[in-house]
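Residues in the sequence shown are numbered consecutively from 1, following full-length UniProt numbering. These notes are about the structure you will find just below.
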Amino acid sequence: VLTPPPVNGTPASQQSTPHSGKSPTPSPTSPGSLSRRQHNGQHNGSLGSSTSLSSAQVSSPAEDSNDINPEGEDHDEVPAVPSYISDRYRVGRMLGDGNFAVVRECVELSTGREYALKIINKGKCRGKEHMIQNEVAILRRVKHPNIVLLIEEVDTYNELYLVMELVKGGDLFDAITSANRYTERDASGMLYNLANAIKYLHSLNIVHRDIKPENLLVYEHADGSKSLKLGDFGLATVVDGPLYTVCGTPTYVAPEIIAETGYGLKVDIWAAGVITYILLCGFPPFRGSSEDQEALFDQILMGQLEFPLPYWDNVSETAKDLIRSMLEVEVDQRYTALQVLEHPWVTNEGLCENEHQLSVAGKIKKHFNTGLKVNDTNAGVSVISATPLDKEGQVLRRGRHPNTPDSCSDPSSDPSPLSDSDDVSISSVSTVCSPSSPF
């Protein structure tokens with residue numbers, strides 16, 4: 001399969017001197033929270049709106065930085081870092097260790113703000129640097145309150161250093177399974193956050209292609225409100241024509257990806273529709289097993305959507321109407337992100353009559369094998385430590401349809417890396433249960 005060309009024309013492995021770049025920092029406008037959404041002045045996802053975005057700060061200043069141990073444990077000695085990093089940040093212990101990257105705590109010396117330092121070992125990426133550069137090029141462009149931010153980067157001969165926003169509140173399922181009370185209004189707030197992120201990405205002609213609960217992280221604001229941030233852009237690409245790479249996570253993959261007839265931005269809406277369905281009942285609309293992935297794909301292709309009783313007894317018809325419009329097999333009939341945001345269920349106009357508590361936490365734990373992690377930071381670290389190379393070769397296997405363009409032989413079709421998992425479970429890692437309700 002073809003992979004994307006170098007972003008700037010020169011593979012990073014050929015650069016002999018450190019190169020640094022600071023990502024534009026948005027202004028400190030607070031993102032919309034899950035519980036109270038303010039539509040007036042809300043960021044609209046337009047190309048020139050980065051000046052109205054949320055601050056890049058991740059945690060409270062200096063008081064939290066006392067937890068950082070710059071010396072690390074005996075087995076976790078802090079490595080030498082470029083002076084550009086050490087002059088600005090105190091690098092601490094290792095938070096996560098992936099196949100191609102490690103993630104360390106780091107605190108900005110001037111503010112005490114805590115970030116995550118992702119260190120990519122370029123020696124393990126020789127010949128495929130362009131895959132990393134593709135993701136970084138997209139991260140440089142995206143600045144939105146509901147997206148995990150790249151703060152700045154330093155490129156050296158052997159490593160690529162990325163200072164990333166550290167989102168410490170767990171993932172989407174943590175928010176649900178730890179809530180004392182969970183209603184349609186809460187689910188609506190989650191979709192509002194996600195749809196805003198998707199609308200912004202699509203305004204840039206960027207498709208994410210791997211939207212799923214484990215990539216949606218919970219950001220905790222100083223006032224106690226919370227919002228979701230979308231991370232992991234390893235499969236993201238700019239859409240300038242039909243895409244053909246069969247990639248994604250099976251539970252959330254759109255029918256046009258499986259059909260291999262060419263796809264575009266709206267595969268993200270399908271994935272968001274699957275997530276919305278799960279938010280309201282605790283299990284996915286199309287179900288299969290890793291042993292019978294073709295059966296799952298056949299269900300998705302047919303798109304026969306059901307709302308089985310008694311699980312949907314207390315869910316509003318307004319919510320079901322929105323889900324039907326998001327899980328429309330015909331792409332032209334499927335909602336856009338803007339239509340999702342304007343739907344009564346999202347604007348709260350259709351929620352007044354329905355404040356029933358939803359009992360979905362147990363079903364989520366059962367269907368998605370969630371469990372207790374050591375701490376809430378793990379979900380965010382897992383998202384940050386992933387690289388496009390981790391996804392390479394993890395392809396959705398399916399027989400190619402006749403007369404379908406082959407992305408392996410057509411460089412104009414889709415030059416992005418392949419992905420993802422052949423496991424229908426949402427998450428390959430355990431999730432955290434926060435001690436208090438996020439709503």
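Glycine residues also receive a C-beta, built at the ideal position from the N, C-alpha and C atoms.
Checklist entry - Can at least three beta-carbon pairs, one atom from the stretch 213 to 223 and one from the stretch 162 to 174, be found at a separation below 8 Å? => result Touching, per the Cβ criterion.
Next on the checklist: Once DSSP output is grouped into helix, strand and coil, what is the label at SER227?
Outcome noted: Residue state, collapsed to three classes: strand.
Checklist entry - For the candidate residues ALA101, SER359, ILE384, whose alpha-carbon lies nearest to that of ARG181? => result That would be SER359, whose Cα lies nearest to the Cα of ARG181.
Checklist entry - In whole angstroms, what is the alpha-carbon distance linking LYS266 and ALA187? => result Just so you know, the alpha carbons of LYS266 and ALA187 end up roughly 21 Å apart.
Checklist entry - Under 8 Å, do ILE300 and ILE269 count as touching if we go by C-beta distance? => result ILE300 places its beta carbon 8 Å or farther from that of ILE269.
Checklist entry - When DSSP builds the beta bridges, which residues end up paired with VAL113? => result Going by the sequence as given, residue 113 is Arg instead of Val. When beta bridges are read from the DSSP output, ARG113 appears opposite no residue.
Checklist entry - Which residues in the same chain as ALA254 place their Cβ atom closer than 6 Å to its Cβ, once the five residues preceding and following it in sequence are excluded? => result Taken in chain order, the residues that qualify are VAL267, TRP270.
Checklist entry - So what does LYS128 bridge to, in DSSP terms? => result Per DSSP, none; premise fails for LYS128.
Checklist entry - CB ALA116 to CB ILE147, shorter than 8 Å? => result With contacts defined as CB atoms closer than 8 Å, ALA116 and ILE147 fail to qualify as a contacting pair.
Checklist entry - For the candidate residues GLU260, PHE307, GLY264, whose alpha-carbon lies nearest to that of THR276? => result Cα-wise, what sits closest to THR276 is PHE307.
Item to check | As assigned by DSSP and simplified to three states, the class of LEU166 | outcome: In the three-state reduction of the DSSP assignment, LEU166 falls in the coil class, being assigned neither a helical nor a strand state.
Checklist entry - Got a sec? Which residues, its chain only, sit under 6 Å from VAL102 by beta carbon, not counting five neighbours each side? => result Once the five neighbours on either side are set aside, the close Cβ partners of VAL102 are MET94, ILE119.
Item to check | Segment contact, 8 Å Cβ cut-off, at least three pairs: the stretch 382 to 389 with the stretch 328 to 347 | outcome: Touching, no.
Next on the checklist: My output table needs one value for VAL346: the three-state DSSP class, helix, strand or coil.
Outcome noted: Helix at VAL346.
Next on the checklist: Measuring only the C-alpha atoms, how far is LEU230 from ALA175?
Outcome noted: Rounded to whole angstroms, LEU230 to ALA175 spans 14 Å at the Cα level.
Next on the checklist: Suppose only complete runs of 4+ residues qualify. What are the alpha helix (DSSP H) ranges in the stretch 242 to 311, listed by chain order?
Outcome noted: Listed in chain order, they are 255 to 259, 267 to 281, 293 to 302.
Checklist entry - Mapping DSSP to helix, strand and coil, what is ARG93? => result ARG93: strand per DSSP, three-state reduction.
Item to check | LEU109 versus ASP155 - alpha carbon distance | outcome: The straight-line gap from Cα to Cα measures roughly 21 Å.
Item to check | Contact check, ALA295 vs GLY303, beta carbons under 8 Å | outcome: With a cutoff of 8 Å on beta-carbon distance, ALA295 and GLY303 are scored as not near each other.
Checklist entry - With 16 other CB atoms within 10 Å as the buried threshold, where does ALA80 fall? => result Exposed, because fewer than 16 other Cβ atoms sit within 10 Å of the Cβ of ALA80.
Next on the checklist: I'd like to know whether the C-beta atoms of GLU152 and LEU160 end up nearer to each other than 8 Å.
Outcome noted: Between GLU152 and LEU160, the CB-CB gap reaches or exceeds 8 Å.
Checklist entry - Between the Cα of THR251 and the Cα atoms of PRO213, LEU280, ASP223, which residue gives the shortest distance? => result Among PRO213, LEU280, ASP223, the Cα nearest to that of THR251 belongs to PRO213.
Checklist entry - With DSSP run on the structure shown, which of helix, strand or coil describes ASN121? => result ASN121 falls in the strand class under three-state DSSP.
Next on the checklist: Please classify THR111 as buried or exposed, where buried requires at least 16 neighbouring CB atoms within 10 angstroms.
Outcome noted: THR111 comes out exposed.
Next on the checklist: Rounded to whole angstroms, what is the Cα-Cα separation between SER382 and HIS221?
Outcome noted: SER382 and HIS221: Cα-Cα distance of roughly 21 Å.
Item to check | Residue burial classification, GLY248 (beta-carbon count within 10 angstroms, cutoff 16) | outcome: Residue environment analysis places GLY248 among the buried positions, since at least 16 neighbouring C-beta atoms fall within 10 angstroms of its C-beta.
Checklist entry - Are the CB atoms of LEU235 and MET190 nearer to each other than 8 Å? => result Contact: no.
Checklist entry - Relative to the C-alpha of PRO285, which residue among THR245, ASP223, LEU327 is closest? => result Out of THR245, ASP223, LEU327, LEU327 has the C-alpha closest to the C-alpha of PRO285.
Checklist entry - Excluding the five sequence neighbours on either side, which residues of its own chain have a C-beta within less than 8 Å of the C-beta of GLY264, listed in chain order? => result Within the same chain, GLY264 has close Cβ partners VAL207, VAL239, PRO242, LEU243, VAL331.
Checklist entry - What's the call for HIS356, buried or exposed, on a 16-neighbour Cβ count within 10 Å? => result So HIS356 counts as exposed.
Next on the checklist: I'd like the list of long-range same chain contacts for ASN205, defined as Cβ closer than 8 Å, with 5 residues on each side in sequence excluded.
Outcome noted: Non-local C-beta neighbours of ASN205 in its own chain, meaning closer than 8 Å and more than five positions away in sequence, comprise VAL238, VAL239, ASP240, LEU265, ordered along the chain.
Item to check | Pair within 8 Å by beta-carbon distance, GLU184 and SER325 | outcome: Annotated as distal: GLU184 and SER325, with beta-carbon spacing of 8 Å or more.
Next on the checklist: Can you tell me which residues form a DSSP beta bridge with GLN357?
Outcome noted: Answer by DSSP bridge pairing, in chain order: THR183.
Next on the checklist: Starting from ALA101, trace the beta strand (DSSP E) in both directions and tell me its first and last residue.
Outcome noted: Per DSSP, the continuous beta strand (DSSP E) segment holding ALA101 begins and ends at 101 to 108.
Checklist entry - In its own chain, which residues sit with a C-beta less than 7 Å from the C-beta of ALA319, not counting the 5 before and 5 after it? => result Closer than 7 Å at Cβ, skipping near neighbours: GLU184, LEU280, TRP345.
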